[in-house]
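Undergrad:
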Amino acid sequence: MQENFFTSKEAAQLTGCTLRQIQYWREKGIVVPVIGDTGTGRSIYYSRSNLVELAAMVYWLSTGISFDIACETLKRLKEQEPELFVSGKGKRFMLLLSAQEDSLSLVEFDKKIAIASLDEGKAVIPVWLDIIYQQLVNKLR
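Residue numbers (the UniProt record's numbering): 1 to 141.
Set out below in structure tokens:
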């Protein structure tokens, strides 16, 4: 993707989140705009990789996972697979209910494990940023 910048309003329209969510996530340092509100103009702009972060948060929250898990998932993916946010290329992951810990774990996607977990009645949430990335590319055309 060619580097463009988007206002908060444009980012909200493209990703499906509200302006209040964007503001809150910015204040909490969850999604930090590439151009912050420093200086006198107080203009805030988001990059395309920021849009992927916002859209991912919207998706995860729409699945019913907690805000804390969504934030932790975003943080871990940014550390492990930063290229996913820039080009949409990289590994696919899933949030998998761990029986031992009774919590969701971020693991590399494995279809057999996902199906086996579903057969056992455990939650499986796909974390496929390549799909989210492609949806954003299509909206920007």
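For each residue, glycine too, the CB sits at the ideal point set by N, CA and C.
Check this for me: beta carbons of residue 125 and residue 94, under 9 Å apart or not?
TA: Counting from one through the sequence shown, the residue named residue 125 turns up at place 125. Counting from one through the sequence shown, the residue named residue 94 turns up at place 94. Less than 9 Å separates the beta-carbon of residue 125 from that of residue 94.
Undergrad: From the DSSP output, in three-state form, read off residue 5 for me.
TA: As a working note, residue 5 is residue 5 in the sequence shown. Residue state, collapsed to three classes: coil.
Undergrad: Ordered along the chain, which non-local residues of its own chain (more than five positions away) have a Cβ less than 7 Å from that of residue 52?
TA: By one-based count along the sequence shown, residue 52 stands at place 52. Result list for residue 52: 85, 129, 132, 133, 136, in chain order.
Undergrad: For the beta strand (DSSP E) holding residue 31, just list the boundary residues, first then last.
TA: As a working mapping, residue 31 is identified with position 31 in the sequence shown. Membership of residue 31 in any beta strand (DSSP E) is not indicated, and neither H nor E is assigned to it by DSSP.
Undergrad: The alpha helix (DSSP H) that contains residue 131, what's its start and end?
TA: Within the sequence shown, numbered from 1, the residue matching residue 131 stands at position 131. 129-140 is the span of the alpha helix (DSSP H), which, as asked, contains residue 131.
Undergrad: Identify every run of the beta strand (DSSP E) within the stretch 43-109, keeping only runs that are complete inside it and at least 3 residues long; order them along the chain.
TA: 93-98, 103-108
Undergrad: Do you know offhand how far residue 28's Cα is from residue 122's?
TA: The count along the sequence shown starts at 1 and reaches residue 28 at position 28. The count along the sequence shown starts at 1 and reaches residue 122 at position 122. Each residue's Cα considered, the two are about 31 Å apart.
Undergrad: With DSSP as the reference, please indicate the residues paired to residue 125 in a beta bridge.
TA: Position 125 of the sequence shown, counting from 1, holds the residue named residue 125. Partner(s): 95.
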